[in-house]
Amino acid sequence: TPTTPTPRPALDPRKTARSPKWTVLPALSASARDALPYPPDALPGARDVATAYGNLRVYEFGPEDAPERVLLLHGIGTPCLALGGVAAEFVARGWRVMTFDFFGRGYSDAPLDIPHDARLYTTQLLLALASSPLPGWTGNDAFHLLGYSLGGAIAAAFASSHPHLVRSLTLVAPGGLVRSAAHVGWRSRLLYDSDWVPETVRRWFVARRIAPADPVSGGDVPEKETVDDDGGGSAEWDELRLVGGRRIGEVVRWQMETHPGYVRSYMSTIRHAPIYDRGGEEWRVLGEALSARRAAGGAAPGLRKGRVLFVLGERDDIVVPGETVWDAEAVLGEDAVEVVVLKGGHEVAITKGREIVGAVVAAWENDG
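Residue numbers (full-length UniProt numbering): 1 to 368.
The following block contains the structure:
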């Protein structure tokens, strides 16, 4: 009896949830695509990369012969469109930029049978780098790395295991050192950690919590889901403007309606990604790498300055500046931590692109 071939994981609906690239775009005209909350060409240089985990949406733009390259990693709820302002500022300064949608967000598919942990995100980062048609994104001192919120946690984890690749590391309102005891309330613990809540019920409640305000009040802020604030301030977050004038709330709602893997990827990330209390794990390893490079006086490849730039929002109630600086200096060393505090809250990466890029360039050009 002939056997039925097993689909490759990327094509197996039991293992991979397909993104709007497959479920939405084929039926739309060019004008309808342009009208989407997240148009497929919202950023320049788009490409879709076929991987064993499904489609990976990558953007790469800026001067091809740029002397500096930077990879940008976005947060947990919004796709890489959220860092469009930061990307544009880097390009204006002559840098080459790469960014991509994390699995389960935007136009990247969602692997359903794999934890969304540091290993998966590190693999995704390496897949994005390998997809570039240009040289320069691999090898010693290949690129600068900037991560925001969840992206900051992923950036720190990546730099701890691949320090030789990273010219400099910038963490904007990063996860990784968030104190779970202070910032994860009983609702979140019940939803994500309790064994007695059925998965379908859990998924329904999480979707309700992270749904944008409609039109001016309601659900939790995606980037702030882990705080039991009863949705306070979420309408302001939803109204923040992204590249092209789109609102965050519109983009998040569109993902929830059109990407069957969005909520599941979100939940798996909260459960497994290196967001909370990682001082004794990846961050300790990162601190050792930074110390070794300071001792070597720039002789070792990657992270040659031996320090990390933190860009924080003075009113951020998730990545609290005082807590973050204290914990970062404790695990990385005081000499390894450089801090810039900007006016604003957790949204600084979206609203303060010019200031962030200015701080990155100044820190890199500083010989001290």
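Cβ atoms here follow ideal geometry from the backbone N, Cα and C, with glycine treated the same way. Computed from a predicted model, the values in this text were never measured in an experiment.
For residue i, the first and last residue of its enclosing beta strand (DSSP E)
{"i": "Leu-81", "result": "Segment: none, Leu-81 is in no beta strand (DSSP E) and carries neither H nor E."}
{"i": "Asp-48", "result": "46-51"}
{"i": "Leu-56", "result": "54-61"}
{"i": "Val-311", "result": "308-313"}
{"i": "Leu-342", "result": "337-342"}
Range of the contiguous alpha helix (DSSP H) that encloses residue i
{"i": "Gly-104", "result": "Gly-104 -> no alpha helix (DSSP H), and no H or E assigned at all."}
{"i": "Gly-355", "result": "It should be pointed out that residue 355 corresponds to Glu in this sequence rather than to Gly. Taken as a continuous stretch (DSSP letters only), the alpha helix (DSSP H) holding Glu-355 covers 353-365."}
{"i": "Leu-332", "result": "321-332"}
{"i": "Glu-250", "result": "248-258"}
{"i": "Ser-31", "result": "30-34"}
{"i": "residue 434", "result": "Coverage of the chain is limited to positions 1 through 368, which leaves residue 434 absent and any answer about it impossible."}
Proximity to residue i [Cα-Cα], best of the options
{"i": "Asn-55", "options": "Tyr-262, Ala-10 and Ala-159", "result": "Ala-10"}
{"i": "Ala-207", "options": "Arg-315, Val-348, Gly-353 and His-259", "result": "His-259"}
{"i": "Ser-160", "options": "Val-86, Ile-356, Ala-299 and Gly-279", "result": "Gly-279"}
{"i": "Glu-68", "options": "Tyr-53, Arg-96 and Ile-76", "result": "Arg-96"}
{"i": "Arg-18", "options": "Ala-46, Asp-195 and Ala-52", "result": "Ala-52"}
{"i": "Leu-171", "options": "Val-311, Glu-281, Arg-315 and Pro-20", "result": "Val-311"}
{"i": "Pro-163", "options": "Gly-298, Ala-363 and Val-340", "result": "Gly-298"}
{"i": "Leu-72", "options": "Asn-366, Ile-350, Arg-14 and Arg-284", "result": "Ile-350"}
{"i": "Gly-104", "options": "Leu-129, Leu-126, Thr-78 and Leu-127", "result": "Thr-78"}
{"i": "Ile-200", "options": "Leu-146, Val-263, Leu-169 and Gly-249", "result": "The question names Ile, yet the displayed sequence has Thr at residue 200. Selected option, being the one with the closest Cα: Val-263."}
{"i": "Asp-65", "options": "Pro-133, Ala-30, Gly-75 and Ser-31", "result": "Pro-133"}
{"i": "Ala-128", "options": "Ala-46, Asp-238 and Gly-185", "result": "Ala-46"}
{"i": "Glu-314", "options": "Val-308, Val-340, Leu-126 and Asp-193", "result": "Val-340"}
{"i": "Ile-318", "options": "Val-184, Arg-284 and Trp-364", "result": "Val-184"}
Close beta carbons around residue i, own chain, < 6 Å, minus the five adjacent residues each side
{"i": "Ser-131", "result": "Val-49 and Val-58"}
{"i": "Tyr-276", "result": "Val-178 and Ser-180"}
{"i": "Ala-118", "result": "Ala-157 and Pro-274"}
{"i": "Pro-222", "result": "Here the model assigns Pro-222 a pLDDT of 47, short of 50, so the residue's position is not dependable and the matter cannot be decided."}
{"i": "Asp-316", "result": "Ala-173, Gly-345 and His-346"}
{"i": "Leu-120", "result": "Ile-114"}
{"i": "Asn-140", "result": "His-164 and Pro-301"}
{"i": "Leu-125", "result": "Phe-158"}
Contact set for residue i: own chain, Cβ-Cβ below 7 Å, skip 5 residues either direction
{"i": "Arg-293", "result": "Ala-300, Leu-303, Arg-304 and Gly-306"}
{"i": "Val-91", "result": "Phe-61, Gly-62 and Val-97"}
{"i": "Thr-122", "result": "Ala-157, Phe-158 and Ser-161"}
{"i": "Asp-327", "result": "Leu-177 and Gly-279"}
{"i": "Lys-352", "result": "Leu-342 and Gly-344"}
{"i": "Gly-359", "result": "Per the sequence presented here, residue 359 reads as Ala, with Gly not at that position. The residues are Leu-309, Val-311 and Val-340."}
{"i": "Pro-20", "result": "Tyr-107, Thr-258 and His-259"}
{"i": "Gly-287", "result": "Val-331, Leu-332, Gly-333 and Ala-336"}
Close-in-space but distant-in-sequence residues of the same chain around residue i (CB under 8 Å, 5 per side omitted)
{"i": "Arg-93", "result": "Val-357 and Val-361"}
{"i": "Pro-39", "result": "Arg-33 and Gly-244"}
{"i": "Ser-291", "result": "Gly-306, Gly-333 and Ala-336"}
{"i": "Leu-43", "result": "Tyr-59, Phe-61, Cys-80, Leu-81, Gly-84, Ala-87, Thr-99 and Val-243"}
{"i": "Leu-28", "result": "Leu-36"}
{"i": "residue 369", "result": "With the chain covering only 1 through 368, there is no way to say anything about residue 369."}
{"i": "Phe-282", "result": "Correcting the residue identity first, residue 282 is Glu in this sequence and not Phe. Result list for Glu-282: Ala-118, Ala-156, Ala-157, Ser-160, Ser-161, Gly-176 and Pro-274, in chain order."}
Min CB distance residue i to chain B below 7 Å
{"i": "Ser-19", "result": "This model lacks chain B altogether, as it is built from one protein chain only."}
| message | Between the segment 111-127 and the segment 316-327, can you find at least three pairs of beta-carbon atoms closer than 8 Å? | response | With the cut-off at 8 Å, the segment 316-327 and the segment 111-127 do not touch.
| Segments of 3+ residues assigned as beta strand (DSSP E) that fall wholly inside the UniProt domain "AB hydrolase-1" (70-204) | Complete beta strand (DSSP E) runs here, min 3: 96-100, 143-148 and 166-172.
| query | Any chance the segment 139-155 sits against the segment 170-190, with 3 or more Cβ pairs inside 8 Å? | reply | The segment 139-155 is in contact with the segment 170-190.
| If you pair each beta-carbon of the segment 266-274 with each one of the segment 246-253, do three or more pairs fall below 8 Å? | No: fewer than three Cβ pairs fall under 8 Å.
| request: List in chain order: all unbroken beta strand (DSSP E) runs of 3+ residues lying wholly within the segment 265-316. | output: Counting whole runs of 3 or more residues, the segment 265-316 contains the beta strand (DSSP E) stretches 308-313.
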